[in-house]
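Report on the structure given below.
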Amino acid sequence: MPGSSYFSTIRVVSYPGFPYHHQRTLKPKTPLLSVIIVFMLDTLAPWPPEYTVRKSKRAKYIRLSVSAKGVEVVLPHACAYREADTMLQSKREWVQDQLRRFASEKPIIQDTELNDVFLRAVDQLWTIHYVADAKRTRLLQRENSTLVLFGDIEDKQRCQALVIDWIKKRAKQILIPWLTELSLEHDLPFNDVTIRGQSTRWGSCSSEKNINLNYKLLFLPERLVEHILLHELCHTKHMDHSERFWNRLQQLDPHCDLMEKQSRRAQKYVPRWVE
Ligand SMILES: [Zn+2]
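For what it's worth, my numbering labels the leading residue of the sequence shown as 9, then goes sequentially.
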């Protein structure tokens, strides 16, 4: 059984319609066993799977990958999001085959130890170094994607609190301009925005058009964060979850239903030490 770092990738050189060679066929020995195994495998790899879509300025081709962390499609910046869906559908057999291979492995293991911070929304990995000294416990951000914790480094709670404060600051720097940009793009003005750490909501919007965003959004896939921001911006026009609200959101995000479903299961992206 491959380890959890095992990673499968398809790179699409000419899209659409390219030959691929990763497909494996299951050959059970008896028909009865065949039925049982196929049934088991189908429950291990339901269709369509949950997947994330990410746009990359560096990507030249559409890339589909399946890892222990799930299915991800990386799109070149100019590509429309719907191409991710087309890509996924066209590679259904391969994706299911890969998912089955990972299904018997352990689910996403998120460190309870605080060794690094992966801000999935912006694809940034920050490594944490610890330096013990006799002064007060403090955190320093270095340029090379490194955070250094000085002081009483045995005080785990204090260290975690410092890192969480740092993430909240990053969230302000990242989420506020992101929301502002979408607001201007779609002509959905808001009054004010605050960053908080609610445990049950990714965001909210008041009747005064004040938007609240959860700093933990930074741990979610970019595509999902964008959807959640659009969701809150739509509340500046429709305060409820009426049909008019969903119609508006659907116009802004054609994968609205899937994204809503994913946002309800997105807690898994938040590391345990943040809870
Ligand atoms: Zn809502």
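The beta carbon of each residue, even a glycine, is placed where N, CA and C say it ideally should be.
- The secondary-structure analysis by DSSP pairs residue 135 across a beta bridge with 124, 154.
- Contact check for residue 94 against residue 231 fails: the beta carbons are separated by 8 angstroms or more.
- Taking 7 angstroms as the cut-off, the C-beta of residue 235 does not count as close to any heavy atom of ligand 1.
- Within the same chain, and ignoring the five residues on either side of residue 136 in sequence, the residues whose Cβ sits closer than 8 angstroms to its Cβ are 122, 123, 124, 125, 154, 155, 156, 157, 171.
- A distance below 7 angstroms between beta-carbons, with the five flanking residues on each side excluded, links residue 191 to the following residues of its chain, in chain order: 197, 198, 241.
- In this structure, residue 223 sits near residue 176, with a CB-CB distance shorter than 8 angstroms.
- With 16 or more neighbouring CB atoms inside 10 Å of its own CB, residue 210 falls in the buried class.
- By the C-beta density criterion, residue 274 is buried, having at least 16 other C-beta atoms within 10 angstroms.
- Around residue 243, the same chain offers 213 as residues with beta carbons nearer than 7 angstroms, after the five sequence neighbours per side are excluded.
- In terms of side-chain proximity, the C-beta atom of residue 194 is found no nearer than 7 angstroms to any non-hydrogen atom of ligand 1.
- Proximity to residue 160 across 233, 145, 150, 169 peaks at 145, based on C-alpha coordinates.
- Proximity to residue 101 across 57, 88, 260 peaks at 57, based on C-alpha coordinates.
- In the three-state reduction of the DSSP assignment, residue 146 falls in the strand class.
- Bridge pairing for residue 140: 159 [DSSP].
- One thing to note: residue 106 has its Cβ no nearer than 8 angstroms to the Cβ of residue 82.
- If you draw a 10 Å sphere on the C-beta of residue 234, you find 16 or more other C-beta atoms in it, and that means buried.
- At a threshold of 7 angstroms, residue 239 counts as near ligand 1, since its beta carbon sits closer than that to one of the ligand's heavy atoms.
- Under the rule that a run must span 4 or more residues, the alpha helix (DSSP H) segments found entirely inside the stretch 232-277 read 251-260, 264-272.
- Not one heavy atom of ligand 1 lies closer than 7 angstroms to the C-beta of residue 246.
- Boundaries of the alpha helix (DSSP H) harbouring residue 189: 164-193, taken from the DSSP string.
- In the three-state reduction of the DSSP assignment, residue 223 falls in the helix class.
- When the alpha-carbon of residue 78 is set against those of 65, 163, 229, 179, the nearest one is in 229.
- Within 10 angstroms of the beta-carbon of residue 256 lie 16 or more other beta-carbons, which makes it buried.
- Of the other Cβ atoms in all chains shown, fewer than 16 fall within 10 Å of the Cβ of residue 130; this residue is therefore exposed.
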